[in-house]
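Residue 63 in UniProt numbering sits at position 63 of the sequence shown; the count goes up by one each step and never skips.
To start, the structure itself, in structure tokens.
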Amino acid sequence: MSDPSITSVHSDVLIESARRTLSTQAQALANLANNVTEEFAKAVRMILESKGRTIICGMGKSGLIGKKIAATLASTGTPSFFLHPGEAFHGDLGMIQAQDTLILISYSGETEELMRLLPSLKNFGNPSIALVGNIESTLAKHCDCVLDISVDRETCPNNLAPTTSTTMTAAMGDALAVALMECRNFKPQDFARFHPGGSLGRKLLTRVKDLMHKDDLPVCTPETTLKDAISVMTHGRMGVVLIQEAEKLLGIFTDGDLRRAMLKESEGMIHKTMAVLMTSNPKTINENVMIVQAEEQMLRDKITLLVVVGDSQNVSGILEIYDR
């Protein structure tokens, strides 16, 4: 085997290799999309109608992709797990229940470990879906539904290492997951239930009231002068004051409003009141709204904060765009 010096390989050669690989796989994906048949719809219906789990089984690289498919299905509303065919033959077949649906992955359709399982699986009578590159293979002939993931050749220069075929397998798994999500009307809040950890779960599960500033809010009355309002704004450190009367929000005055007011006229400005300078009817958001919706509203309206109100419309707090 050749062992060329790393430094002797020109960057252009490496970049061209990457482009060739990615272009080949992109074309294979386009071909796969164009060749989707009624068998795909049948597979989706089989999984939807199942009252059990969707069990993914595959060996080697197919097994690695199978684990990813199982994880994607499980996190998007389809109870699923991966079953290793070798372990299945030594006792893990007991994990399969009568109402489960099986997805068996083998590009050749002749993988030895899966072939050894076929008699047992047939005896169990579970519905089965094959992901194969050869629809005339043994596996395809013994499954109830067959999804064709065949490719013209692997991207591997020797046409040996599973490359393009594993990409097609993963893509078909994603297609199944998305179709099932759409059929189940799977929503962001459903997704959050299965992803409570990390920033994603935090965004999808957190409400405005969980992050808003609610203590020592910078509040003025309509009679407060600009001079005193600046003092309140400085103390509040949020670049805003809320103008309230009898707990009712009348308006807001921001540091941006201050700059614009000072540019417009300076003489006597310091003695003007908030009733004259405030922005009436400011944008608000209910404290029970999800934080992701608040973020979308601020980005859409090109603002950096929102006044938070409760169900009675009384002010509860202030939410800033970086409070997430």
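The beta-carbon is built from N, C-alpha and C at its ideal position, and this holds for glycine as well.
These figures come from a predicted structure and were not determined experimentally.
As assigned by DSSP and simplified to three states, the class of residue i
i	result
C183	helix
H142	coil
G256	helix
K272	coil
residue 328	A query on residue 328 cannot be resolved here, the shown segment of the chain reaching from 1 to 324 and no further.
M290	strand
G251	strand
L22	helix
T234	helix
V208	helix
E245	strand
L217	coil
E267	coil
E38	helix
S280	strand
E16	helix
residue 361	Nothing about residue 361 can be reported from this structure: the residues present for the chain run from 1 to 324 only.
Proximity winner among the options, relative to residue i (alpha-carbon distances)
i	options	result
C143	L299, D311, A43	A43
L204	E295, A26, K51, E320	E295
S80	M274, E87, L64, I103	I103
M46	N34, A28, C145, L139	C145
T284	I96, C220, M298	M298
S120	N158, T111, G94	G94
L242	K141, N31, D216	D216
G86	M181, L32, G60	G60
Chain D within 8 Å of residue i, Cβ atoms only
i	result
E16	No chain D is present in this structure, which holds just one protein chain.
Check whether residue i and residue j have beta carbons under 8 Å apart
i	j	result
V151	M168	yes
G125	S108	no
G58	G66	yes
V307	P282	yes
L226	L277	yes
Q25	T155	yes
T273	F253	no
S75	F186	no
T72	A177	yes
L305	I318	yes
V240	P222	no
L118	L131	no
G53	D100	In the sequence as displayed, the identity of residue 53 is Arg instead of Gly. Yes, the Cβ-Cβ distance between R53 and D100 is below 8 Å.
P139	L114	The residue asked about is misnamed: residue 139 is Leu in this sequence, not Pro. It is a contact, given that the beta carbons lie within the stated cut-off.
L32	I149	yes
Local Cβ density within 10 Å of residue i, reported as buried at 16 or more and exposed below that
i	result
T234	exposed
H37	According to the sequence provided, residue 37 is Thr. The question's His does not apply to it. Under this definition T37 is an exposed residue.
V13	exposed
D257	buried
P127	buried
P162	buried
Q244	buried
L263	exposed
I15	exposed
G251	buried
D301	exposed
D311	exposed
I'd like the ranges of any beta strand (DSSP E) spanning at least 3 consecutive residues and lying wholly in the UniProt domain "SIS" (43 to 186). 54 to 58, 80 to 83, 101 to 106, 128 to 132, 145 to 148
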